[in-house]
Amino acid sequence: MDHETMANKYVKPIAEFVSNLYQIPYLDAASIAWRGLSATNAYKNMNEFNINGTMVNKSEVERLGVAHLISQLGGHKCD
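With my numbering as the guide, the letters of the sequence shown map in order to residues 3 to 81.
#1: Cutting at 6 Å between CB atoms, please list the residues of its own chain near residue 114, excluding the five before and the five after it.
#2: Using only the alpha-carbon positions, how far apart do residue 26 and residue 66 sit?
#3: DSSP three-state call for residue 7: helix, strand or coil?
#4: Do you know how far the Cα of residue 19 is from the Cα of residue 30?
#5: Can you name the start and end residues of the beta strand (DSSP E) that residue 59 belongs to?
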């Protein structure tokens, strides 16, 4: 499966899994999922993301995703 397909079809299931696994807010988990797909056209072409019915701007998605990546939030490091 390529990353474009993942970006278009699987962000929500990935976010749900990560949220449940690490007991972090869904918004944080969705941000992690999107940051993992940041090289895709789907990510690059978005300025806002619909995350569970809430529009979240790209800078907030990037901030949350990167913060988890470098372990500034939560208790687990995501690689």
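Glycine included, C-beta positions come from ideal geometry on N, C-alpha and C.
Well, looking at it:
#1: In the structure as shown, the chain begins at 3 and stops at 81. Residue 114 is therefore absent and cannot be evaluated.
#2: 11 Å
#3: helix
#4: 12 Å
#5: 56 to 59
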